[in-house]
Amino acid sequence: MDDPHFDVVIIGAGQAGPTLATSLAKAGRNVALVERKDVGGSCVNFGCTPTKAVIASARVAHLARRAGEFGLRIPTVEVDYRAVLERARQIVLNSRKGLESWLEGTKNLSLLRGHARFEGRDSNGFRLRVGEARISAQQVVLNTGTRSLIPPIEGLKNIGFLHAGNWLDAPELPRRLVIIGGGYIGLEMAQFYRRMGSEVVVLESAEQVAGSEDPDLASALQKLLESEGIEFHLNTRVEKVESSAGHIKVTASRKSGASSVEATQIFVATGRQANTDDLGLETVGVNASNHGIVEPDKRLSTNVRGIWVAGDIRGGPMFTHTAWDDYRIIESQIIGDGSRTLERVVPYAVFTDPQLGRVGITEQQARKAGRKVKIGRFDLARNGKANEVGETSGFIKVVVDAQSDRLLGAAVLANEGAELVHIYIDLMNARAPFKVIRDAVFIHPTLAEALQSAVAAVAERSQTIEEMAHR
Ligand SMILES: Cc1cc2nc3c(=O)[nH]c(=O)nc-3n(C[C@H](O)[C@H](O)[C@H](O)COP(=O)(O)OP(=O)(O)OC[C@H]3O[C@@H](n4cnc5c(N)ncnc54)[C@H](O)[C@@H]3O)c2cc1C
């Protein structure tokens, strides 16, 4: 009997795969979606979904501890760590089950379980192995995502450590946690564990946290977390870990010489590694970089016609919403008019509390690119609603092109910053000048008024209502 043949095979049921598979199947294509582990990929199973669920528990604990500020008495706040994890697991399970039944109920779509790997190509198209089975496909979409990148630190392999892929399965709250890496995942997890009750130390090899954010923002984020008792060591490269009798010694090199930190548990958050090393890409001639990234053209086509790439493994912004938008690009290329491409405004958020909502480029990136820019900044402490709800930490910064008056980028470090930044996302997508927001009527009292105040600061024109109110 001939091997099953599909019009399109999608490898990986992460953030682009499922929606693309159902869309192509509904358009009459015979589609296979292959998943070797859990549908929903990183985001649903150990990334966005459970981290945001436990961060919500941590925020409740934090607010309960602040009750006195609001005139309330909550004498003790006790964390039931296992219950916190269980709540997150249930949310993950519901999400994964919902996705599974959606996929299983879609006509023309086969959900195949197993590791997929190319075995070459022939007159039938691309040949693949899925577990023990063999299939062939006219076109293939790679959506295999990433896993935690574990650096070659001496002794690390000999101890059990936490990382983005296994933290949800670790039932004990670490007493003293050292997080290696002060990027987005490291910062979010640092605040979560701290609010649960762990002592937390973050070791970061760069001179600032939060990767390529502007230094004023990175330093504000660090100070906010320090105010909750999180310790940071910058310019600190971890060289060695040793464990004895439940205690871990972390040795690092710094400009000033070697230093060491004690821990009871380690969380490695040093980046992501593309899942392309066991895909048989060489059998069909797809090029991948040393880090496994398959860099596509702006239509998300690889260097091999008929093989597409979506999500984290294409390099660039690694987020659920960008992976999801990749589905729309490939859909547009396979069954649409081909007009949708990677030319898009990219937003993202860091889900610390306050959150950092970001869109477009930073001030540093704009200046490096030789752009003439105007900067607007507004501190949340001057916003009425922020004072009323006791959320005055953070600031808003907008980067405006001095010639066109269009927004090039914005950072909203504020309570619900990830929601608020959408006002700027819309403005950038509309390619409208900043005065559209400046001249609009905003509701008072809202945090959104602070976004208007930030663009008003660019204009250096008349005061906004709330600025006048806070003089
Ligand atoms: C801790 C953490 C928190 C995060 N929080 C956020 C957030 O708040 N917001 C946000 O936007 N992003 C967040 N992200 C990033 C987000 O999870 C990813 O950008 C997103 O999941 C990428 O989707 P993807 O489809 O490219 O890959 P994935 O979601 O990783 O899916 C890839 C799938 O492919 C499968 N697979 C791999 N190889 C094969 C193979 N050979 N055969 C069959 N199947 C295979 C994998 O099992 C996996 O299910 C977070 C990530 C982490 C780790």
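Take the sequence shown: its letter number 50 is residue 41 in this note's numbering, and every next letter is one higher.
We put the CB at the ideal spot given by N, CA and C, even for glycine.
Considering only heavy atoms of ligand 1, does any lie closer than 6 angstroms to the CB of residue i?
i	result
S48	no
F433	no
D303	yes
E322	no
M187	no
N266	yes
V132	no
K28	yes
I176	yes
A16	no
H106	yes
T437	no
F61	no
M309	yes
A314	yes
G5	yes
A155	yes
T343	no
T42	yes
V25	yes
G122	no
I366	no
S127	no
I2	yes
S33	yes
G237	no
T135	yes
Would you mind working out which of the options sits nearest residue i, comparing C-alpha positions?
i	options	result
L178	A161, I141 and E219	E219
G32	I434, W315, V131 and D(-6)	W315
E69	L54, A181, A79 and E60	L54
T261	R138, R120 and L347	R138
R397	H224, V25, Y184 and V364	V364
D(-7)	S127, R56 and I2	S127
N281	L270, R290, Q264 and P287	Q264
A254	V300, R73, A7 and H238	H238
L272	R112, T383 and V30	R112
A4	G375, G327, V300 and V341	V300
Q6	V0, C39 and R20	C39
L216	S234, D205 and E190	E190
V241	A439, I65, V169 and Y175	V169
N36	G62, A445 and I82	I82
P66	E60, R73 and R56	R56
A23	K359, V131 and M180	V131
K28	V121, L15 and R368	V121
L84	I150, L159, L119 and P143	L159
S330	Y339, F342 and D317	D317
S235	L140, L100, N149 and S101	N149
N374	R368, T383 and G367	T383
C34	I176, S101 and G96	I176
S210	G385, G62, R118 and R368	G385
F425	I366, Q355 and H435	I366
R305	Q182, E91, T267 and I414	T267
E379	T437, A340, D71 and I387	T437
E257	N278, H312, R362 and L153	A small fix is needed here, since residue 257 is Ile in this sequence, not Glu. Taking only the C-alpha atoms, the option nearest I257 is L153.
T10	L442, T97, K43 and R73	T97
A249	I326, L270, V259 and H224	H224
Within the present structure, is the beta-carbon of residue i separated from the nearest heavy atom of ligand 3 by less than 6 angstroms?
i	result
G38	You won't find ligand 3 in this model; what it holds is ligand 1.
Beta strand (DSSP E) runs contained entirely in the region 201 to 269, provided each spans 3 or more residues: With a minimum length of 3 residues, the continuous beta strand (DSSP E) runs that stay inside the region 201 to 269 are 222 to 224, 228 to 235, 238 to 245, 248 to 254, 256 to 259 and 263 to 265.
Validate contact between the region 40 to 53 and the region 103 to 118 using beta carbons, cut 8 angstroms, 3 pairs: no
Segments assigned beta strand (DSSP E), at least 3 residues, entirely inside the region 171 to 204: 190 to 194
Cβ contact (3+ pairs, closer than 8 angstroms) linking the region 388 to 406 and the region 76 to 84: no
Cβ contact (3+ pairs, closer than 8 angstroms) linking the region 402 to 416 and the region 341 to 351: yes
Stretch-stretch touch, CB-based, cutoff 8 angstroms, three pairs: the region 334 to 345 with the region 415 to 425: yes
Inside the region 78 to 144 only - alpha helix (DSSP H) runs reaching at least 4 residues: none
The region 223 to 232 in contact with the region 191 to 198 per 3-pair CB rule at 8 angstroms: Flag = yes, the region 223 to 232 and the region 191 to 198 touch.
The region 317 to 324 / the region 281 to 300 touching (three or more Cβ pairs under 8 angstroms): yes
Secondary structure, beta strand (DSSP E): runs of 3+ residues fully inside the region 291 to 327: Segments of the beta strand (DSSP E) lying fully in the region 291 to 327: 298 to 300.
Contiguous alpha helix (DSSP H) assignments of at least 4 residues, all confined to the region 20 to 76: Within the region 20 to 76, the runs of alpha helix (DSSP H) that reach at least 4 residues and sit entirely inside it are, in chain order, 32 to 36 and 39 to 56.
Touching by the beta-carbon criterion (3+ pairs, under 8 angstroms), the region 429 to 447 and the region 385 to 394: yes
Within the region 346 to 432, ranges of the alpha helix (DSSP H) (whole runs, at least 4 residues): 354 to 359, 375 to 379, 408 to 411, 413 to 420 and 426 to 429
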